[in-house]
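Enquirer: Here you go, one structure.
Below you can see the structure in the form of structure tokens.
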């Protein structure tokens with residue numbers, strides 16, 4: 082399996098649109114909110130993970146989010162959004178603090194969490210949002 086830097090090197094020259102790296106069910110958007118539109122075609126459920134590289138709670142949340150999403154009853158694409166690289170997208174979703182997690186189904190917000198919370202609360206809250214829709 083290629084590392085992220087290898088993927089970046091391999092595919093960035095071929096892309097005319099903003100650069101997207103996909104590893105399993107995780108995608109990181111860099112530079113353009115328009116790239117998010119292409120992800121809706123293949124994924125009903127998308128979790129936006131608004132983060133910043135300087136944010137320690139964001140770093141703590143990464144493994145928890147990845148583990149949590151694998152336990153859900155439906156596949157969810159995790160889209161990591163660096164607020165320093167994409168402030169307009171953070172503004173569009175009214176993100177005021179990091180980390181902020183937003184679960185969307187067919188572009189409609191189902192669930193939102195700010196800060197880093199207990200895993201069990203997150204899992205039950207996400208499952209409830211999915212079950213209701």
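In the working numbering, the protein residues as written are 82 to 214.
Ideal Cβ positions, reconstructed from N, Cα and C, are used throughout, including at glycine.
Between residue 103 and residue 109, what straight-line distance do the alpha-carbon atoms span, to the nearest angstrom?
Expert: In the chain shown, the residue the question calls residue 103 occupies position 22. In the chain shown, the residue the question calls residue 109 occupies position 28. Only weak support exists for where residue 103 lies, its pLDDT of 36 falling under 50; the value from the coordinates is given anyway. Each residue's alpha carbon lies about 7 Å from the other.
Enquirer: Have a look at residue 134 and residue 214 and give me their C-alpha separation to the nearest angstrom.
Expert: As a working mapping, residue 134 is identified with position 53 in the chain shown. As a working mapping, residue 214 is identified with position 133 in the chain shown. In a straight line, the C-alpha of residue 134 is about 33 Å away from that of residue 214.
Enquirer: Do the CB positions of residue 130 and residue 155 come within less than 8 Å of each other?
Expert: Reading the chain shown from its first residue, position 49 is the one you call residue 130. Reading the chain shown from its first residue, position 74 is the one you call residue 155. No, the Cβ-Cβ distance between residue 130 and residue 155 is not below 8 Å.
Enquirer: For the candidate residues 171, 175, 150, whose alpha-carbon lies nearest to that of residue 208?
Expert: Position 127 of the chain shown, counted from the first residue, corresponds to residue 208. Measuring from the Cα of residue 208, the nearest candidate turns out to be 150.
Enquirer: Would you tell me roughly how many angstroms separate the C-alpha atoms of residue 183 and residue 174, rounded to the nearest one?
Expert: Reading the chain shown from its first residue, position 102 is the one you call residue 183. Reading the chain shown from its first residue, position 93 is the one you call residue 174. Their Cα atoms are separated by approximately 9 Å.
Enquirer: Classify residue 194 as helix, strand or coil using the three-state DSSP reduction.
Expert: Here residue 194 corresponds to residue number 113 of the chain shown, with the count starting at 1. It is a strand residue.
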